[in-house]
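Reading through the structure tokens given below for one structure.
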């Protein structure tokens with residue numbers, strides 16, 4: 024019985040948040056990630072459930088976790104969904120052969136890395152624009168103002184009907200994600216030149232490497248065309264372009 028308890032404790036201690044991950048872990052993951060390594064990027068944020076409610080990194084450093092600003096939690100959810108989707112590039116076919124050749128993976132990895140950098144830069148710009156950066160004393164001065172800003176943004180959200188009680192977890196997750204706040208076109212933080220350049224570079228790099236490789240995949244070309252997809256790049260456009268517009 025003690026063994027079961029130890030196993031249960033171990034399972035809890037390696038929980039990874041799907042949405043409200045720590046920005047310190049996010050930045051550490053970006054810094055340590057190597058695009059050419061051939062493995063997918065992941066946000067290595069683990070909750071240290073044994074010792075505290077903090078992530079392991081912050082718990083070890085005796086520091087406080089930093090979550091994405093409330094006004095951009097929807098953007099964080101979109102980024103998490105994109106990262107989860109992009110792991111599909113490591114899938115294999117029925118014969119166990121990788122669908123995507125090795126030379127494509129570094130390009131996709133670099134595109135995701137650039138997109139994550141763009142998100143981080145815009146999140147920092149968002150905090151500066153609303154005065155919620157710096158120490159607690161600096162943040163408290165404009166805390167109420169930011170809360171009013173978020174409340175106003177919530178009133179602008181489109182009304183989404185909740186799913187049925189017996190709906191799947193995915194349906195409920197989608198519903199909750201739609202109620203999160205996102206940046207809107209015209210927000211000051213989106214006008215930063217660096218953010219725009221990185222968003223364009225992220226999409227352009229991904230589209231280029233996918234489009235180049237698509238025409239080498241003669242085995243899959245007819246199947247993709249029959250599904251209404253002119254190219255793999257069009258899938259990338261449909262999945263990532265909304266994120267690029269908002270972050």
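In my numbering, the protein residues as written are 24 to 270.
From the three backbone atoms N, C-alpha and C, an ideal C-beta is built for every residue, glycine too.
If you follow the alpha helix (DSSP H) that residue 56 is in, where does it begin and where does it stop?
Careful: residue 56 lies outside any alpha helix (DSSP H) and carries neither H nor E.
In angstroms with no decimal places, state the Cα-to-Cα distance between residue 150 and residue 92.
So the alpha carbons of these two residues sit roughly 7 Å apart.
Measure the C-alpha to C-alpha separation of residue 174 and residue 104 and round it to an integer number of angstroms.
Taking the straight line from one Cα to the other gives about 25 Å.
Look up residue 78 in the DSSP assignment and give the residues it is bridged to.
For residue 78, which the question treats as bridged, DSSP gives the partners 70.
Check residue 121 in the structure and name its three-state DSSP category.
The answer is strand: DSSP assigns residue 121 an E or B state.
So who's on the other strand from residue 115, going by DSSP bridges?
The partner list for residue 115 (beta bridge, DSSP) reads 121.
Considering Cα atoms alone, identify which of 43, 111, 176, 78 is closest to residue 207.
The shortest Cα separation from residue 207 among 43, 111, 176, 78 belongs to 176.
With H, G and I counted as helix, E and B as strand and the rest as coil, what does DSSP make of residue 190?
Residue 190: coil per DSSP, three-state reduction.
Please report whether the beta-carbon of residue 184 lies at a distance below 8 Å from any beta-carbon of chain D.
No chain D appears in this structure, which consists of one protein chain only.
Starting from the C-beta of residue 43, find all residues in its chain whose C-beta is less than 6 Å away, skip the five residues before and the five after it, and write them out in chain order.
Cβ within range, chain order: 90.
Helix, strand or coil for residue 99 per DSSP?
Helix, per DSSP.
Given a cut-off of 8 Å, decide if residue 96 and residue 204 are closer than it, judged by their beta-carbon atoms.
Contact: yes.
Alpha carbon to alpha carbon, what distance is there between residue 94 and residue 154?
Going by the C-alpha atoms only, they are around 13 Å apart.
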